[in-house]
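Each residue of the sequence shown is one higher than the one before, starting from 1 at the first, in full-length UniProt numbering.
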Amino acid sequence: MNQTHLATLLAVLEEGSFDAAADVLGISPSAVSQRIKALESDIGRVLVRRSSPVVATESGEVLAQAARRMALLQAETDVALRRTIARVPLSIAINADSLATWFQPVFSEVAKWDNATLRLRIEDESRSMMLLRRGDCLGAITTEATAVQGCEVRHLGVLRYRAMASPALRDAYTDRTGTIDWAHMPTLRYGPNDKLQTNDLDGRLEGKPVNRRVSEIPSSEAFLEAARRGLGWALVAELQGRELVESGDLVLLDDIVSDVHLYWQYWRLESTMLHDLTAAVVTAAAEALD
Numbered sequence: 001m002n003q004t005h006l007a008t009l010l011a012v013l014e015e016g017s018f019d020a021a022a023d024v025l026g027i028s029p030s031a032v033s034q035r036i037k038a039l040e041s042d043i044g045r046v047l048v049r050r051s052s053p054v055v056a057t058e059s060g061e062v063l064a065q066a067a068r069r070m071a072l073l074q075a076e077t078d079v080a081l082r083r084t085i086a087r088v089p090l091s092i093a094i095n096a097d098s099l100a101t102w103f104q105p106v107f108s109e110v111a112k113w114d115n116a117t118l119r120l121r122i123e124d125e126s127r128s129m130m131l132l133r134r135g136d137c138l139g140a141i142t143t144e145a146t147a148v149q150g151c152e153v154r155h156l157g158v159l160r161y162r163a164m165a166s167p168a169l170r171d172a173y174t175d176r177t178g179t180i181d182w183a184h185m186p187t188l189r190y191g192p193n194d195k196l197q198t199n200d201l202d203g204r205l206e207g208k209p210v211n212r213r214v215s216e217i218p219s220s221e222a223f224l225e226a227a228r229r230g231l232g233w234a235l236v237a238e239l240q241g242r243e244l245v246e247s248g249d250l251v252l253l254d255d256i257v258s259d260v261h262l263y264w265q266y267w268r269l270e271s272t273m274l275h276d277l278t279a280a281v282v283t284a285a286a287e288a289l290d
């Protein structure tokens, strides 16, 4: 397979269009199209769906995953031989809460490495596995303990969540006996795939139907601020909400603790950069997670 054609396939999938890939590669959109057609002719299968954005077919996903592995090894080889100033892209799927809390020391480690770049994809812990299976990422922070085919898995620790709200919101939905009206108190969730929040609320209501007031805040920092300002109650990572609880801006609504076990899944690949990245992730988690 032509390496240039493979690099073009990756550019199209990462940028989402032939035009954007052309800008990145410094060639014309027609040249991008010709390279993809040539690769499809070589493989004998359609590799991308010409939609907006462009997405890979099943065959395209298989080829893209292999191409990313080859690209990582090639970039590392180029750096080692000092033939180019290739940058090694380290693509990671990560949930917003981890990114906002314990993961940040990884930035300091990667900053010390020559020619390494991070590309983070914000995804719910459960959905990150899809990106790993497709080969869109070489590593993922996930709740899945079973390794994806071709990957290794490391247990990182437990991220603990507690139900929190502003004092005013708690008081507005607490009766004289101290019982919270979970069925009517406004709530927050990160997005439609926020299963942690949804499952927790279902458990508190014991399956009773309710006309919920749910606000979606797709940013970990803004999510916390929305809770502080009383837009709704939320399950907040203890690491993230601790200071606001200590200051009194947020209060704990009960003693229930929701433990989420986090795992680091990564390609089974002889790569120095990937080995160092794994060490940085494991170390950061060990210093912060239970």
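For each residue, glycine too, the CB sits at the ideal point set by N, CA and C.
Values in this document were obtained by computation on a predicted structure and should not be read as measured data.
Quick check on residue i: does DSSP put it in helix, strand or coil?
| i | result |
| --- | --- |
| Met164 | strand |
| Arg68 | helix |
| Ile92 | strand |
| Arg121 | strand |
| Ser215 | strand |
| Arg49 | strand |
| Val55 | strand |
Taking the beta carbon of residue i as the centre, do at least 16 other beta carbons fall within 10 Å, making it buried, or is it exposed?
| i | result |
| --- | --- |
| Ser91 | buried |
| Val257 | exposed |
| Ser51 | exposed |
| Glu58 | exposed |
| Thr177 | exposed |
| Glu246 | exposed |
| Gly241 | buried |
| Arg162 | buried |
How many whole angstroms separate the CB atoms of residue i and residue j, which I take to be in contact at a CB cut-off of 8 Å?
| i | j | result |
| --- | --- | --- |
| Gly248 | Leu188 | About 19 Å separates the two Cβ atoms, so there is no contact after all. |
| Ala226 | Val106 | Actually they are not in contact, since the Cβ atoms of Ala226 and Val106 sit about 27 Å apart, beyond 8 Å. |
| Ala54 | Leu9 | Per the sequence presented here, residue 54 reads as Val, with Ala not at that position. So it is not a contact: roughly 10 Å between Cβ atoms. |
| Leu253 | Val236 | Actually they do not touch by this definition, with Cβ atoms about 10 Å apart. |
| Gly157 | Asp290 | 6 Å |
| Trp102 | Leu239 | 6 Å |
**Request:** Kindly provide the ranges of any beta strand (DSSP E) runs that are 3 or more residues long and lie completely inside the region 223 to 289, ordered along the chain.
**Result:** 234 to 237, 251 to 267
**Message:** Tell me whether the region 110 to 117 and the region 137 to 153 touch, counting them as touching only if at least three CB pairs, one residue from each stretch, are closer than 8 Å.
**Reply:** no
**Item:** Whole alpha helix (DSSP H) elements within the region 140 to 206, 4-residue minimum
**Value:** 167 to 172, 195 to 205
**Message:** Closer than 8 Å is the cut-off here; do at least three beta carbon pairs connect the region 264 to 278 with the region 147 to 166?
**Reply:** yes
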